[in-house]
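Asks: Please see the structure below; I have some questions.
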Amino acid sequence: MAAAKKAVLGPLVGAVDQGTSSTRFLVFNSKTAELLSHHQVEIKQEFPREGWVEQDPKEILQSVYECIEKTCEKLGQLNIDISNIKAIGVSNQRETTVVWDKVTGEPLYNAVVWLDLRTQSTVENLSKRIPGNNNFVKSKTGLPLSTYFSAVKLRWLLDNVKKVQEAVEENRALFGTIDSWLIWSLTGGIHGGVHCTDVTNASRTMLFNIHSLEWDKELCEFFGIPMEILPNVRSSSEIYGLMKISHSLKAGALEGVPISGCLGDQSAALVGQMCFQDGQAKNTYGTGCFLLCNTGHKCVFSEHGLLTTIAYKLGRDKPVYYALEGSVAIAGAVIRWLRDNLGIIKSSEEIEKLAKEVGTSYGCYFVPAFSGLYAPYWEPSARGIICGLTQFTNKCHIAFAALEAVCFQTREILDAMNRDCGIPLSHLQVDGGMTSNKILMQLQADILYIPVVKPSMPETTALGAAMAAGAAEGVGVWSLEPEDLSAVTMERFEPQINAEESEIRYSTWKKAVMKSIGWVTTQSPESGDPSIFCSLPLGFFIVSSMVMLIGARYISGIP
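Numbers given in this note's numbering equal positions in the sequence shown, counted from 1, plus 736.
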């Protein structure tokens, strides 16, 4: 019986999916795209000062080892032979910046996470050096100068961390986004680890020329980054190196398996949703929210606040594909904030139950601008607000408003994308952890006033990384030819409110957004001075339309 099962499965492909909130390792059948097993570990985020967000690179690496080991155990229990795993792909949170010592293998500082705001004064100083009539940073990278991207985080580390400065001087420092740190470690680390990244992750650093597909000397000089610490840039689908993790007995069976796929998480989701045609788009609901539209071989520059980025390059000799991207900083992170900071829910899943109890926000609007506003505003002075509160408001209404906030932010970036592309999307393909929330999905259809379409297998980010790995030259167990791609079953959510009501709710949201802008008037978060964020933790402000302060009893829903 076991032998028959193994015979049916054929070649398998693993995927490391390292996100902001958690790490996962998933194993797919390369012939059917069926998910066979996975394991997930939550990752801690540290907030050492106001606006700072960090993670421990060693904890991230350890979580990868743990997920691989536990998944291999689960496959064993299912009587699946893990020696059938023929390749491994890596997908990762983008922009998050790590510098480590290539001699000791030790990180020289915590990973500075993409959400981190400490570099705002660095950004302001640099922006003064860009001529108004020649924004060479944006024309070469497709990105606005922002705290979001890796170059300014790396600049901060070089300016402020003595260990980093010394390691650079002594030629011991390596820089990378999370993919580079993981691939270097998993391919041997100090014993011959491969220091590389792929074009999608490189395109998020603000140091990479998205036209020539190379690190750009002028950009590196502008940011003051020594080019010798940068990883080699490769395609998203090729063999980078072989797994060397013999210290882990259970996962040791993956020793020698090629790591042959690498994509930033949003590019991986685009591939996993099979958006291979010009004009196809997907929206991923994770810690943030990211809408990507494939623009084919054309590098399209937005006039409405979107980013131009690399979608993928699936092979050394394959063409590069570009995308327009709308980036929202806070989506799933707002649910985690309600759980960890306010304590009004005990688990992330509970938010759906609370929202269902009331079915409305009762005029309450939540703008979760904890890290300023990303697309389409790019407004670092914004901070989070809840407005429209009354004495009737309780935690259920706030929970509902938090879900609506995710949907309104998606509407804003979808509107911008429709204006840039000229052809409005007829439906929205969605994926990511939050899509299991049916109230959120119905709200999204109502607020966009177009159908929302969700694949029955929501792990499209990991699937994209697995597809890239399995299709790599020298592996060849996953065909990306259109006729060979597995059909995906979809769940569809149709709008259930009238268009007029949808527009009224959206215009009220935009009023709330305007009130969130301009809260931070003196930009120097690098000093860590909390006074610049006014009073409440995390720079969070409650603005009430009827009362400025309400008792905790109302927030808790106590009569």
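We treat Cβ as the ideally placed atom computed from N, Cα and C, and that holds for glycine.
Contact check, D934 vs D915 under 8 Å by CB: the rounded distance?
Replies: Their Cβ separation, rounded to whole angstroms, is 7 Å, which keeps D934 and D915 in contact under 8 Å.
Asks: Just how far apart, CA to CA, sit I1316 and V1094?
Replies: This structure cannot speak to residue 1316, because the chain is shown only from 737 to 1295.
Asks: Which one or two residues does DSSP pair with Y1101 in a beta bridge?
Replies: Bridge partners of Y1101: C1123.
Asks: Just to confirm, is the Cβ distance from A1047 to Y1058 under 8 Å?
Replies: Yes, Cβ-Cβ distance for A1047 and Y1058 is below 8 Å.
Asks: Helix, strand or coil for M1226, going by three-state DSSP, please let me know.
Replies: Correct three-state label for M1226: strand.
Asks: Compute the Euclidean distance between the alpha carbons of V1036 and T1044, then round it to the nearest angstrom.
Replies: When rounded, the distance between both Cα atoms is 6 Å.
Asks: Quick one: what's got a C-beta closer than 7 Å to W1245's C-beta in the same chain, skipping five residues either side?
Replies: Closer than 7 Å at Cβ, skipping near neighbours: Y1101 and F1144.
Asks: Could you check if N968 is buried or exposed, using at least 16 other CB atoms within 10 Å of its CB as the buried criterion?
Replies: N968 should be labelled exposed.
Asks: Can you tell me where the beta strand (DSSP E) holding C803 begins and where it ends?
Replies: First-last for C803: P793 to Q813, but that is the alpha helix (DSSP H), not the beta strand (DSSP E).
Asks: Using only the alpha-carbon positions, how far apart do I1134 and E1237 sit?
Replies: Roughly 20 Å separates the two Cα atoms.
Asks: What is the DSSP secondary structure of S757, counted as helix, strand or coil?
Replies: Three-state result, S757: coil.
Asks: Going by beta-carbon coordinates alone, are W920 and V904 separated by less than 8 Å?
Replies: Their beta carbons are not under 8 Å apart, which means W920 does not touch V904 by this criterion.
Asks: Do you know offhand how far F1106's Cα is from L814's?
Replies: Taking the straight line joining both Cα atoms gives about 43 Å.
Asks: Please determine if the segment 1112-1121 and the segment 1168-1185 are in contact, where contact requires at least 3 C-beta pairs separated by less than 8 Å.
Replies: With a cut-off of 8 Å, the segment 1168-1185 and the segment 1112-1121 do not count as touching, because too few Cβ pairs lie within range.
Asks: Between which two residues does the beta strand (DSSP E) holding E778 run?
Replies: Start and end: L771 to E778.
Asks: Do you know offhand how far F694's Cα is from A1198's?
Replies: Limits of the chain in this structure are 737 at one end and 1295 at the other, which puts residue 694 out of reach.
Asks: Does DSSP put P1160 in a helix, in a strand, or in coil?
Replies: Reduced to three states, the DSSP call for P1160 is coil.
Asks: Quick one: residues in its chain with C-beta nearer than 6 Å to the C-beta of S939, no 5 flanking neighbours on either side, listed in chain order?
Replies: For S939, where only same-chain residues beyond five positions count, the Cβ hits under 6 Å are I946, T1045 and I1046.
Asks: Measuring straight from C-alpha to C-alpha, what distance separates C1011 and T759?
Replies: Rounded to whole angstroms, C1011 to T759 spans 24 Å at the Cα level.
Asks: Between which two residues does the alpha helix (DSSP H) holding I919 run?
Replies: I914 to L922 is the extent of the alpha helix (DSSP H) around I919.
Asks: Excluding sequence positions up to five away, which residues of its chain have a Cβ less than 7 Å from the Cβ of G1264?
Replies: Note on G1264: pLDDT 43, under 50, position unreliable in the model; no value is reported.
Asks: Look up C956 in the DSSP assignment and say whether it is helix, strand or coil.
Replies: It is helical.
Asks: I'd like the list of long-range same chain contacts for R1052, defined as Cβ closer than 6 Å, with 5 residues on each side in sequence excluded.
Replies: The answer, listed in chain order, is S971 and E974.
Asks: What runs of the beta strand (DSSP E), each 3 residues or longer, lie entirely inside the segment 1123-1210?
Replies: Entirely contained in the segment 1123-1210, the beta strand (DSSP E) runs reaching 3 residues are, in chain order, 1164-1167 and 1188-1191.
Asks: By the DSSP assignment, the alpha helix (DSSP H) with E1086 in it spans what residues?
Replies: Taken as a continuous stretch (DSSP letters only), the alpha helix (DSSP H) holding E1086 covers E1086 to V1094.
Asks: To test your reading of the DSSP string, which unbroken alpha helix (DSSP H) runs of 4 or more residues are found completely within the segment 1037-1078?
Replies: Here the runs fully enclosed are 1068-1073.
Asks: Can you tell me whether DSSP reads P747 as helix, strand or coil?
Replies: Coil, per DSSP.
Asks: Could you spell out where the beta strand (DSSP E) holding E974 opens and where it closes?
Replies: Start and end: S973 to L978.
Asks: In the structure shown, what three-state DSSP assignment does A1111 receive?
Replies: Three-state result, A1111: coil.
Asks: Between which two residues does the beta strand (DSSP E) carrying F872 extend?
Replies: No beta strand (DSSP E) contains F872, which is instead part of the alpha helix (DSSP H) from F872 to T877.
Asks: With which residues is K1018 paired in a DSSP beta bridge?
Replies: Note: K1018 sits in a beta bridge opposite L1028 and Q1165.
Asks: Return the CA-CA distance between G1158 and I1149, expressed in angstroms with no decimal places.
Replies: Rounded to whole angstroms, G1158 to I1149 spans 14 Å at the Cα level.
Asks: Helix, strand or coil: which one does DSSP assign to A1118?
Replies: Note: A1118 maps to coil in three-state DSSP.
Asks: Quick one, which of K806, S773 and A823 has its alpha-carbon nearest G992's?
Replies: Closest option to G992, Cα to Cα, is A823.
Asks: So, is V826 buried or exposed, given that buried needs 16 or more other C-beta atoms within 10 angstroms?
Replies: Buried is the call here.
Asks: Count the other CB atoms within 10 Å of the CB of T807; is the residue buried (16 or more) or exposed (fewer)?
Replies: By the 10 Å Cβ count, T807 comes out buried.
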